[in-house]
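Residues 217 to 797 in the working numbering are what the sequence shown lists, from first letter to last.
Positions of the beta carbon are idealized from the N, C-alpha and C atoms, including for glycine.
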Amino acid sequence: MTTEEYVHVADLDDLAAEGRAVVSAGGRAVALFHHEDEVYAVDNRCPHMGFPLSEGSVEEGVLTCHWHHARFELEAGDTFDPWADDVQTFPVVARDGRVYIDPDPEPDVPPATRWRNRLADGLQENLPLVMAKSVVGLDDHGDGFITPLETAVNFGTRYRAGGWGRGLTTLGCLATLHDHLGGRDRRRAMFLGVREVAANCAGEPPRFQGYSFDNRDVPKERLQSWFRDNCEVRDEDGAERVLLTAVDALPPADVADLLFTAATDHLYMNSSHTLDFINTAFETLDHVGWAEHADAVLASVVPAITDASRSEERSSWRNPVDIAALCFDAADRLPELVAEGEGTRWKRPDDFVETLLSADPHEIIEALTGAIRSGASAERLADAVARAATHRVAYFATNNEFDDWNTVHHTLSYANAVHRATTRTDTAALYRGCFDGAMSVYLDRFLNSPRAPVPEPGDGDGDRDPEAIREDLLACFDEQGAVNRAGRLVNDHFDAGGDPAALKRTLSRGLLREDAGFHTIQNLEAGIQRFEVIDDERGRRLALIAPARYMAAHFPTRRENEQTFSIATRLHRGEKLHEAT
């Protein structure tokens, strides 16, 4: 022992007489215990929720906190209860009737590593408070984005036999929104993402990934044919082996071609989710890295294709108009349409989006095929379909059933995913996604009957303070059903010349303080992504009016996530929750 490392904190006889004491060392409260003729020192704050451990009880070497009954092995501080975390212990020396402790022991692992390990514990046990504390701790050490994202991706792709689902999609959406968030909302987003992954995997059997073929010389065309054939007969194992071989042998754009082609071999698969999940998986890989994660991430999306429902099997796509046949016929004509448009550049007519919103599916398909014949790229055509889908959400009439919000949402989510996919691969198969998306827009037409009153540029009060408008928008989300008012406030913000980035942060703040559902998170992500790629004023307004109306329809909620996040934040700051009134 050296005087530089250890400090005198108590007299041994006094401690033995009392059995316990609270001392200050190195600026922190330390609980001393005299138990079975030995002296022990632990951080006086229970690692679960900060209750003074000096008020606990010790029996047979086990320290029990009296607030939530967390138990700790007294000598090393290890917990019996994974939800509680281990408690910090301090080396103790008793000499010449005096008790000394080292107030600043070297940690067993760096803090960032400890928080990463605790995040893994939280995911495994589905412990929201552990996950929240871990995200806050990681962010405090500069690892608040990639580490939670990567840890949750590894967990979610391994411990859910059904593969990529709503949990990983929620995580990917929030990762995409990350750069648009302000301050502490970035922590909230990562907490919500990892919590949704844990909840989606809870109680599920693990997933056992297959292996690629040894042959790396199979050409892309054959791999694509094999993959589509296996997906067609719903052979998940065979499709996965082919896909893993493609990941090992082909560049990312070719792998994207393979997946998005299979995802459009049938119509509007899984009511939009198949193509949407695949797109989000690719966007997640943009964050965590292709080389390290492409095999596990993309293998996990195979069930979304092989197990998917196919809309050509649904009555609504066959009767009273056989729109499935219209889509398949248009897809059969794609080679000649693309060839005819080669070398020309299509300019979207002013009334094109309104045509896509019309009640004649034949006219809609004719407009789409005519655009391809005139040189429309898949990217530009997908953008037009996504604009129409945005209109459906913005114009959603609240005299419809509440669940129908999801109907228009699914169409927007699908159309936006098709557009995002066109930036990743130039496969002509994504024209088929445009046909499917446009037919879903057509099927949603009754949900805009009548169209909701959406304000136009200039309708608002341009003299209002944008900050006050944003405050009103958050207050609007505190009221149930203030749908149209939310849309007007977004329009007012534009008329007042408010900063769009501040508006996006406010919408995100409104989202993240709620127990937002999977679809609500997707809806805001789609709105912000649409805003980023639209260059006309009215289109940009509608891109944010649509999610504001959708959010207002679904808020407020109980805000359980916010309560958990708030507790984690306050504990990290050292607040005494047990003394709060």
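Enclosing alpha helix (DSSP H) for residue i [first to last residue]
i	result
F710	V699 to D711
D227	Looking at the DSSP string, D227 is not in any alpha helix (DSSP H); the run it does join, the beta strand (DSSP E), is V223 to D227.
L474	P468 to A479
D464	E452 to A465
T385	R382 to L393
W562	W562 -> no alpha helix (DSSP H), and no H or E assigned at all.
A594	A594 to A610
P344	P344 to D356
T780	E776 to H788
Y630	D620 to T638
P519	V518 to T522
V513	W506 to A515
Y766	E753 to H770
P207	Given that the chain is displayed from residue 217 to residue 797, the structure contains no residue 207 and the question cannot be resolved.
H800	A question about residue 800 goes unanswered here, because the residues of the chain that appear run from 217 up to 797.
P682	P682 to C692
T367	I362 to R374
E341	P327 to E341
F424	Note, F424: premise wrong, no alpha helix (DSSP H); not H, not E.
P716	P716 to L728
D548	I539 to D548
Beta-bridge pairing of residue i - partner residues as DSSP gives them
i	result
T295	F288
D433	In the DSSP output, where bridge partners are listed per residue, D433 has none listed.
R261	P268
R403	Answer by DSSP bridge pairing: none, since R403 is not bridged.
Y256	F249
C314	Note on residue identity: the sequence assigns Arg, not Cys, to residue 314. In the DSSP output, where bridge partners are listed per residue, R314 has D227 and R311.
L279	V274 and F288
T305	V258
For residue i, the first and last residue of its enclosing beta strand (DSSP E)
i	result
H251	R244 to H251
R236	R236 to A241
R661	It is not in any beta strand (DSSP E) - R661 carries neither H nor E in the DSSP assignment.
V309	V308 to R311
Per-residue burial, residue i [other beta carbons within 10 Å of its own, 16 or more giving buried]
i	result
Y222	buried
M217	Interpretation of M217 is limited by its pLDDT of 48, a score under 50 that renders its predicted location unreliable; the figure taken from the coordinates is listed afterwards. It is exposed - the Cβ of M217 has fewer than 16 other Cβ atoms within 10 Å.
T780	buried
E254	exposed
D230	exposed
K720	buried
H284	exposed
R789	exposed
M406	buried
S240	exposed
A519	The question names Ala, yet the displayed sequence has Pro at residue 519. Buried is the call here.
R499	Note on identity: in this sequence residue 499 is Glu, with Arg being the wrong assignment. Buried, by the Cβ-count rule.
V309	exposed
T490	buried
Y427	exposed
G399	exposed
Presumed contact (8 Å Cβ cut-off) between residue i and residue j, rounded CB distance
i	j	result
L793	G266	6 Å
R608	V657	6 Å
L474	A455	Rounded, the Cβ-Cβ distance is 10 Å, inconsistent with contact.
P673	G713	Not quite, the Cβ-Cβ distance comes to about 12 Å (not below 8 Å), so this is no contact.
D301	P263	4 Å
A604	L572	4 Å
D591	T560	According to the sequence as given, residue 591 is Gly; it is not Asp. Their Cβ separation, rounded to whole angstroms, is 3 Å, which keeps G591 and T560 in contact under 8 Å.
F306	D318	6 Å
The stretch 661 to 670 / the stretch 520 to 540 touching (three or more Cβ pairs under 8 Å): no
The stretch 541 to 560 contacting the stretch 495 to 512, beta-carbon criterion three pairs below 8 Å: no
Cβ contact check for the stretch 378 to 387 and the stretch 344 to 351: 3 or more pairs under 8 Å: no
Inter-stretch contact at 8 Å, needing at least 3 Cβ pairs: the stretch 728 to 740 / the stretch 772 to 790: yes
Cβ contact (3+ pairs, closer than 8 Å) linking the stretch 678 to 687 and the stretch 353 to 373: no
Stretch pair the stretch 339 to 346 + the stretch 402 to 415: three plus CB contacts closer than 8 Å: yes
Three or more C-beta pairs below 8 Å linking the stretch 734 to 747 and the stretch 625 to 638: yes
Stretch pair the stretch 427 to 439 + the stretch 465 to 479: three plus CB contacts closer than 8 Å: yes
Given 8 Å, three or more beta-carbon pairs between the stretch 579 to 588 and the stretch 632 to 651: yes
Segment contact, 8 Å Cβ cut-off, at least three pairs: the stretch 690 to 706 with the stretch 750 to 768: yes
The stretch 476 to 490 touching the stretch 632 to 648, judged by at least three CB pairs closer than 8 Å: yes
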